[in-house]
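These notes are about the structure you will find just below.
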Amino acid sequence: MASVRAVLEFLADSTLKTGLPVPVPMEEVYSWAIPLGLPRSGRVHLYTGALYQLMPYIERLGRYLESLEGSRSAAAILRLARALIAAPRFTRTLLSPEPQALERPRAILSRIARFLGAAGYYVAYPYEGDLYSGVLLYDMGLDDAFAEVASRVYRVLKEAGAEEIVTVDPHTTHVMRSVYPKYVDGYDLEVRNYLEVLAEAVDSGRVRLRPRVREVVIHDPCFYARYEGIIEEPRRILRAAGVEVREPRRSGRMTYCCGGPVESISPRLASKIAETRLSELREESKTVVVMCPICYANLSRANRLGLRIIDIAEAFDVEV
Amino acid sequence: MDPLERALRDIERALGDEAFQEGVKRAARHAEERVPHILEEHPYLRELAREVRRVKEEVLSNLDHYIEEAMESLGRMGARAYLAGDASEAREIVAGIVGTGKTVVLSKSMTAEELGLREYLESLGNEVWETDLGQLLIQLEGGKPMHSVAPAVHLTRERVAALLREKLGLRVPPGTSPEEMVRLVRGFLREKFTSADVGISGANAIAAETGSIVLVENEGNIRLVTGLPPVHIAVAGVEKIVPTLLDALKVAIVQAAYDGLYPPNYINVISGPSATADIEHKRVRGAHGPLEVHVVLVDNGRRAALRDPLLSEQLRCIRCGRCQWECPVWQHTANLWGGPSYGGPMGVVWTAITRGVEEASGLALLCLGCARCDYVCPVEIPISRILRSLKARYSKRITRGV
Ligand code: SF4
Numbered sequence: 004m005a006s007v008r009a010v011l012e013f014l015a016d017s018t019l020k021t022g023l024p025v026p027v028p029m030e031e032v033y034s035w036a037i038p039l040g041l042p043r044s045g046r047v048h049l050y051t052g053a054l055y056q057l058m059p060y061i062e063r064l065g066r067y068l069e070s071l072e073g074s075r076s077a078a079a080i081l082r083l084a085r086a087l088i089a090a091p092r093f094t095r096t097l098l099s100p101e102p103q104a105l106e107r108p109r110a111i112l113s114r115i116a117r118f119l120g121a122a123g124y125y126v127a128y129p130y131e132g133d134l135y136s137g138v139l140l141y142d143m144g145l146d147d148a149f150a151e152v153a154s155r156v157y158r159v160l161k162e163a164g165a166e167e168i169v170t171v172d173p174h175t176t177h178v179m180r181s182v183y184p185k186y187v188d189g190y191d192l193e194v195r196n197y198l199e200v201l202a203e204a205v206d207s208g209r210v211r212l213r214p215r216v217r218e219v220v221i222h223d224p225c226f227y228a229r230y231e232g233i234i235e236e237p238r239r240i241l242r243a244a245g246v247e248v249r250e251p252r253r254s255g256r257m258t259y260c261c262g263g264p265v266e267s268i269s270p271r272l273a274s275k276i277a278e279t280r281l282s283e284l285r286e287e288s289k290t291v292v293v294m295c296p297i298c299y300a301n302l303s304r305a306n307r308l309g310l311r312i313i314d315i316a317e318a319f320d321v322e323v
Numbered sequence: 002m003d004p005l006e007r008a009l010r011d012i013e014r015a016l017g018d019e020a021f022q023e024g025v026k027r028a029a030r031h032a033e034e035r036v037p038h039i040l041e042e043h044p045y046l047r048e049l050a051r052e053v054r055r056v057k058e059e060v061l062s063n064l065d066h067y068i069e070e071a072m073e074s075l076g077r078m079g080a081r082a083y084l085a086g087d088a089s090e091a092r093e094i095v096a097g098i099v100g101t102g103k104t105v106v107l108s109k110s111m112t113a114e115e116l117g118l119r120e121y122l123e124s125l126g127n128e129v130w131e132t133d134l135g136q137l138l139i140q141l142e143g144g145k146p147m148h149s150v151a152p153a154v155h156l157t158r159e160r161v162a163a164l165l166r167e168k169l170g171l172r173v174p175p176g177t178s179p180e181e182m183v184r185l186v187r188g189f190l191r192e193k194f195t196s197a198d199v200g201i202s203g204a205n206a207i208a209a210e211t212g213s214i215v216l217v218e219n220e221g222n223i224r225l226v227t228g229l230p231p232v233h234i235a236v237a238g239v240e241k242i243v244p245t246l247l248d249a250l251k252v253a254i255v256q257a258a259y260d261g262l263y264p265p266n267y268i269n270v271i272s273g274p275s276a277t278a279d280i281e282h283k284r285v286r287g288a289h290g291p292l293e294v295h296v297v298l299v300d301n302g303r304r305a306a307l308r309d310p311l312l313s314e315q316l317r318c319i320r321c322g323r324c325q326w327e328c329p330v331w332q333h334t335a336n337l338w339g340g341p342s343y344g345g346p347m348g349v350v351w352t353a354i355t356r357g358v359e360e361a362s363g364l365a366l367l368c369l370g371c372a373r374c375d376y377v378c379p380v381e382i383p384i385s386r387i388l389r390s391l392k393a394r395y396s397k398r399i400t401r402g403v
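Residue numbers (the numbering used here), protein chains in the order written: chain A, 4 to 323; chain B, 2 to 403.
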């Protein structure tokens with residue numbers, strides 16, 4: 004375990020100074036949107052909070068800190084943080100995430116933007132303003148840093164004209180909808196999750212979907228299922244697309260965690276929890292559908308059972 | 002050693018221990034499936050749980066008053082009541098009653114565990130025996146209970162056989178059935194029960210109005226611990242006090258159901274020393290049961306926790322252990338995560354209450370924040386929210402508030 008203190012300070016420092024928990028150039032976050040030509044201003048913004056895009060980096064950083072000789076030395080980690088904050092381009096060279104690992108989230112996000120368009124939900128995108136929500140800082144209890152990050156994110160979104168945001172992952176959804184109001188004075192953004200938007204469009208017949216896989220077992224993320232009550236929406240979408248949905252022993256409101264949140268404290272425990280989960284998912288199907296980049300990362304890392312793990316946005320297409 | 006580092010070291014070892022993993026996972030799965038089934042079959046249980054929550058809130062909003070009332074009632078019933086400010090005071094009170102050179106039988110009590118009572122009484126030259134089978138195995142193993150209600154979940158039958166053989170000298174050849182092992186232990190303990198000078202129990206609830214102690218169990222050892230020796234001492238956290246005997250019975254029922262053992266085999270009600278009125282219908286103290294009953298109410302951080310808006314919510318806890326059964330971390334670590342006596346999600350918070358936030362807050366970092374515990378707690382304690390606040394206090398301390 005790398006020094007907890009150093010890791011926390013790394014996260015907080017980087018987020019406060021660069022807007023991202025791992026210092027990388029902002030293009031890494033928004034480049035996916037350029038080919039789509041999403042407008043910069045509008046009433047409804049797609050706000051990703053950068054979690055999908057940064058997961059490959061966050062994962063690599065964890066590994067890197069663990070491998071550092073003397074990683075318990077907080078000073079060494081903090082020196083590293085400072086160097087990377089000063090030269091974010093160097094982060095990619097240092098951590099060298101796999102090109103496919105960086106490509107995949109971009110593809111997922113552009114699929115999501117297209118789904119929204121098909122649903123008649125035309126969104127703007129804040130590009131450089133698609134800052135990290137600070138959710139990890141909140142989870143780790145770094146409340147002061149989190150409060151600062153939250154008010155900046157809010158200001159940036161408001162300046163771009165956002166009145167409503169559409170979020171794409173469970174952690175960002177929860178933090179924007181249920182936590183920001185407690186930390187940001189006068190917070191008035193309406194927060195919808197893209198699965199809610201899409202489920203509604205599917206129900207009303209505005210969008211037609213077709214399957215890309217025949218059958219899946221569904222892994223509900225804790226934050227959708229227990230914090231935000233998003234349980235039926237993904238099922239309605241998948242069924243409407245003609246995907247057969249299987250339920251694991253622990254699903255819906257009592258879904259089982261992927262183990263991801265303790266990865267930075269105990270990688271071994273995180274992977275054991277993931278293995279437990281994978282083995283019960285396997286009882287239902289060889290294809291697992293996830294809805295969260297943290298679940299994807301943690302389950303994939305522990306996947307020695309040869310399961311196919313896909314994001315829900317990869318499980319169907321819109322009919323044009 | 003830093004509590005988090007120690008927990009991580011123990012957990013690392015347990016993760017590689019196949020038998021441990023299998024034992025804990027199997028027991029948790031049974032509980033995960035059994036409790037919803039019990040709740041469905043007996044629909045009144047959910048309503049009772051809601052009532053218990055309300056009752057607990059009422060007591061906690063006026064705890065000093067209820068402590069006073071309970072002590073008065075206990076006295077009226079002929080029991081002696083004590084209020085111990087902290088663990089060492091509680092140990093001294095019990096030691097004062099027990100003395101030295103005695104044989105003491107204990108029934109499983111997390112409060113006794115919190116106080117380190119067994120070790121302390123042993124250090125004073127007493128022979129002390131746990132009588133709950135699981136807890137006896139923990140005593141023989143020299144470890145800590147791995148679940149609030151099922152302390153030996155991590156031990157396979159082979160390991161149990163080895164402990165009984167090596168530590169008690171019982172004849173347990175390989176392949177001995179669990180039934181046979183239970184019979185052997187019963188024989189061994191029976192003799193301790195009859196020769197014991199003192200029996201020590203915990204309490205699931207104490208009725209302020211009548212001074213009654215309520216204890217729920219399945220093995221039947223509690224009836225013997227509290228019934229056979231001439232002296233009975235009950236140790237209980239002050240949060241165990243409820244207004245009436247009916248409330249106390251509700252706590253016992255809800256505790257049993259949410260642990261997954263319903264109906265419980267036995268519910269014991271103890272109102273003072275045994276008595277008879279068979280001669281001229283006049284109450285005479287001391288019949289077949291104990292002649293003396295002592296009740297040690299333990300504060301040990303509880304009343305201070307009442308002033309903390311989040312920690313205070315944990316004081317409603319009835320120690321059913323369901324949050325442990327359902328926790329993904331607990332299912333892989335058992336009580337190795339949580340602190341020296343308590344474990345699992347509720348355990349971290351109880352460690353904070355009884356040993357200080359400083360010791361517990363680092364342990365909270367192992368919480369996933371997945372909130373399964375919050376959803377299953379019968380008295381709706383926002384456990385994961387309390388753990389997040391402990392994380393915040395830890396982060397603040399180590400980073401000096403970045
Ligand atoms: S916190 Fe709730 S679920 Fe856990 S032991 Fe206490 S009462 Fe039971």
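Glycine is no exception: its CB is placed at the ideal position from the N, C-alpha and C atoms.
First and last residue of the uninterrupted beta strand (DSSP E) at residue i
i, result
"glutamate 218 of chain B", "213-218"
"tyrosine 83 of chain B", "81-85"
"tyrosine 267 of chain B", "267-271"
"threonine 1 of chain B", "Residue 1 of chain B falls outside the range modelled here, since chain B spans only 2 to 403, and no answer is possible."
"phenylalanine 189 of chain B", "No beta strand (DSSP E) holds phenylalanine 189 of chain B; the alpha helix (DSSP H) holding it covers 179-196."
"threonine 170 of chain A", "167-170"
Residue i to residue j span [Cα, whole Å]
i, j, result
"asparagine 63 of chain B", "leucine 298 of chain B", "16 Å"
"leucine 11 of chain A", "proline 175 of chain B", "51 Å"
"serine 108 of chain B", "leucine 229 of chain B", "13 Å"
"serine 196 of chain B", "tyrosine 376 of chain B", "46 Å"
"valine 403 of chain B", "aspartate 309 of chain B", "For valine 403 of chain B, the predicted model reports a pLDDT of 43, less than 50, meaning its position is unreliable; a value from the coordinates is still stated below. Near 23 Å, if we compare the C-alpha coordinates of aspartate 309 of chain B and valine 403 of chain B."
"leucine 186 of chain B", "glutamate 235 of chain A", "According to the sequence displayed, residue 186 of chain B carries valine and not leucine. For valine 186 of chain B and glutamate 235 of chain A, the distance between alpha carbons rounds to 52 Å."
"glutamate 192 of chain B", "valine 105 of chain B", "12 Å"
"leucine 116 of chain B", "leucine 61 of chain B", "22 Å"
"alanine 300 of chain A", "proline 59 of chain A", "8 Å"
"arginine 311 of chain A", "arginine 285 of chain A", "10 Å"
"glycine 107 of chain A", "arginine 66 of chain A", "Note on residue identity: the sequence assigns arginine, not glycine, to residue 107 of chain A. When rounded, the distance between both Cα atoms is 20 Å."
"glycine 263 of chain A", "aspartate 11 of chain B", "20 Å"
Residue i - DSSP class collapsed to helix/strand/coil
i, result
"threonine 279 of chain A", "helix"
"leucine 171 of chain B", "coil"
"arginine 85 of chain A", "helix"
"histidine 333 of chain B", "helix"
"tyrosine 67 of chain B", "helix"
"glutamate 6 of chain B", "helix"
"leucine 49 of chain A", "strand"
"asparagine 301 of chain B", "coil"
"glycine 402 of chain B", "Residue placement at glycine 402 of chain B is poorly supported in this model, since its pLDDT is 47, which falls under 50; the coordinates are not used for a value here."
"asparagine 222 of chain B", "helix"
"histidine 295 of chain B", "strand"
"histidine 233 of chain B", "strand"
Residue i and residue j closer than 9 Å at C-beta
i, j, result
"alanine 244 of chain A", "serine 274 of chain A", "no"
"glycine 344 of chain B", "glutamine 325 of chain B", "yes"
"leucine 54 of chain A", "valine 169 of chain A", "no"
"valine 199 of chain B", "proline 231 of chain B", "yes"
"alanine 36 of chain A", "tyrosine 128 of chain A", "yes"
"threonine 400 of chain B", "arginine 8 of chain A", "yes"
Enclosing alpha helix (DSSP H) for residue i [first to last residue]
i, result
"arginine 307 of chain A", "Counting along the chain, arginine 307 of chain A falls outside any alpha helix (DSSP H), and DSSP gives it neither H nor E."
"threonine 290 of chain A", "Where threonine 290 of chain A is concerned, there is no enclosing alpha helix (DSSP H), although the beta strand (DSSP E) it sits in stretches over 290-293."
Proximal chain A residues relative to residue i, where beta-carbon distance stays under 7 Å
i, result
"alanine 393 of chain B", "Gly144 and Asp146"
"serine 396 of chain B", "Leu11, Met143, Gly144 and Leu145"
Proximal residues of chain A, C-beta to C-beta of residue i below 8 Å
i, result
"glycine 370 of chain B", "Asp142, Cys225 and Pro264"
Chain-ordered neighbours of residue i on chain B, where CB pairs are closer than 9 Å
i, result
"glutamate 62 of chain A", "In chain order: nothing, as chain B lies at least about 17 Å away."
"arginine 256 of chain A", "Tyr376"
Residues that residue i contacts on chain B, provided the C-beta gap is smaller than 8 Å
i, result
"proline 166 of chain A", "Per the sequence shown, the amino acid found at residue 166 of chain A is glutamate instead of proline. What glutamate 166 of chain A touches in chain B: nothing, since even the nearest Cβ is about 30 Å away."
"serine 181 of chain A", "Those do not exist, as serine 181 of chain A stays about 12 Å from chain B at its closest Cβ, beyond 8 Å."
"arginine 229 of chain A", "Cys371, Ala372, Arg373, Asp375 and Tyr376"
Any chain C beta carbon closer than 9 Å to residue i
i, result
"valine 7 of chain A", "Reference to chain C is not applicable here, since the protein chains of this structure are A and B."
Listed by chain order, chain A residues near residue i by CB distance under 9 Å
i, result
"isoleucine 12 of chain B", "Ser269, Arg271 and Leu272"
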